[in-house]
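Only one structure is covered here, and it is reproduced in the block below.
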Amino acid sequence: MRVRKNIATSDEGFVFNPATGDSFSTNSIGAEIIRLMKGEKSAKELVEIFCSKYDVDKALFERDLEDFTLQLKEFNILE
Numbered sequence: 001m002r003v004r005k006n007i008a009t010s011d012e013g014f015v016f017n018p019a020t021g022d023s024f025s026t027n028s029i030g031a032e033i034i035r036l037m038k039g040e041k042s043a044k045e046l047v048e049i050f051c052s053k054y055d056v057d058k059a060l061f062e063r064d065l066e067d068f069t070l071q072l073k074e075f076n077i078l079e
């Protein structure tokens with residue numbers, strides 16, 4: 001999972017793909033996930049980070065992360 005290099009993001013969760021002109025907003029958790037993915041964190045690393053930082057069930061977060069990455073792929077945010 002790698003975020004395309006041309007993707008612009010804000011701390012508030014605004015995501016913009018200049019190649020397509022598409023944009024969308026996400027919540028603070030989604031913005032943090034994208035920011036960490038830009039830093040080339042793996043899915044396993046993301047699970048470890050979020051499960052230790054927040055009181056979240058590992059299996060639930062893994063499912064939510066999978067769903068979120070599918071959405072990012074649909075928006076051409078991921079390579």
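Counting along the sequence shown from 1, when you hit position 30 you're at 30 in the numbering used here, and nothing is skipped either side. Note that beta-carbon positions come from the ideal geometry of N, C-alpha and C, so glycine has one too.
Nonlocal neighbours in the same chain, by C-beta distance under 8 Å from residue i, ignoring five residues either side
i: Phe75; result: Val15, Asn17, Asp22 and Phe24
i: Arg84; result: Given that the chain is displayed from residue 1 to residue 79, the structure contains no residue 84 and the question cannot be resolved.
Residue burial classification, residue i (beta-carbon count within 10 angstroms, cutoff 16)
i: Leu46; result: buried
i: Leu72; result: buried
Residues near residue i by beta carbon distance below 7 Å, same chain, minus five either side
i: Asp11; result: Ala31
i: Ala43; result: Met1 and Leu65
Those residues which DSSP pairs with residue i across a bridge
i: Leu70; result: BP columns for Leu70 are empty, so no partner.
i: Val3; result: Leu78
Min CB distance residue i to chain B below 9 Å
i: Leu70; result: The question asks about chain B, but that chain is absent: this structure has only one protein chain.
Self-check item: Contained beta strand (DSSP E) runs [length at least 3] in the stretch 6-46, N- to C-terminal order
Solution: 14-17 and 22-25
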